[in-house]
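*Asks:* Those letters in the sequence shown? Residues 81 to 219, per our numbering, in order.
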Amino acid sequence: MAEVVQLKAEARADNGRGASRELRRKGMVPAVSRMDLRPGGSYHYSLKMPQGGEMWGKWVFREVVPPERLVWEHAFSNPEGGLTRHPMAPNWPLQMLSVATFAEVAGKTTVTLHWTTLNATPSEQKTFDDAHGGMTGGW
Numbered sequence: 081m082a083e084v085v086q087l088k089a090e091a092r093a094d095n096g097r098g099a100s101r102e103l104r105r106k107g108m109v110p111a112v113s114r115m116d117l118r119p120g121g122s123y124h125y126s127l128k129m130p131q132g133g134e135m136w137g138k139w140v141f142r143e144v145v146p147p148e149r150l151v152w153e154h155a156f157s158n159p160e161g162g163l164t165r166h167p168m169a170p171n172w173p174l175q176m177l178s179v180a181t182f183a184e185v186a187g188k189t190t191v192t193l194h195w196t197t198l199n200a201t202p203s204e205q206k207t208f209d210d211a212h213g214g215m216t217g218g219w
């Protein structure tokens, strides 16, 4: 559980750069990262893709409960922080809700992540549901 408290301290100290490194898919390189880890705060970041180009994302924190829980709205964004569609999947939901819980199990921290859509159309929900198999390598 100390890791969660440390995560919050590190997020403030490095302005979210560590989160960019840990939450990205292989081959993506963090480029820009700004984090305000508090309810109502946000995490705005960009990742350079291996084949060129940049992908932007934005989280808006709903709950920050150290050391046990983080809840945030998750979306793709533009460099200014406005919400945008997935750059490679135009039918991807505009927003998702992420809930991360942290629990100590046998002296180690176990992270459980629940990810659902927010206000998705039936077609967007199907796209999200069909993509579950590819959601194991990071964001």
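Note that CB positions come from ideal geometry on N, CA and C, so glycine has one too.
Treat the numbers as computed from the prediction; the structure is a model and nothing was measured.
Please look up how many angstroms separate the CB atoms of F141 and G161, rounded, as I've assumed it's under 8 angstroms.
*Replies:* F141 to G161, Cβ: 14 angstroms. No contact.
*Asks:* Taking 8 angstroms as the limit between beta carbons, can you name the residues of its chain near K206, skipping five residues before and five after?
*Replies:* Answer for K206: no residue qualifies.
*Asks:* Starting from T207, follow the beta strand (DSSP E) in both directions and report where the run begins and ends.
*Replies:* Segment 202-210 is the alpha helix (DSSP H) holding T207; no beta strand (DSSP E) there.
*Asks:* What residue ranges within the region 117-167 form continuous beta strand (DSSP E) runs of no fewer than 3 residues, ordered along the chain?
*Replies:* With a minimum length of 3 residues, the continuous beta strand (DSSP E) runs that stay inside the region 117-167 are 122-128, 134-145, 149-157.
*Asks:* Could you spell out the range, first to last residue, of the beta strand (DSSP E) harbouring W195?
*Replies:* First-last of the beta strand (DSSP E) with W195: 188-198.
*Asks:* Is G137 closer than 9 angstroms to H224 when the C-beta atoms are compared?
*Replies:* Because the chain in this structure spans residues 81 to 219, residue 224 falls outside the shown range and cannot be described.
*Asks:* What's the call for R104, buried or exposed, on a 16-neighbour Cβ count within 10 Å?
*Replies:* Here R104 scores only 46 on pLDDT, less than 50, and its place in the model should not be relied on; the value that follows carries that caveat. Per the 10 Å Cβ criterion, buried.
*Asks:* Just to confirm, are L117 and V151 a CB contact at a threshold of 9 angstroms?
*Replies:* No, they are not a contact pair.
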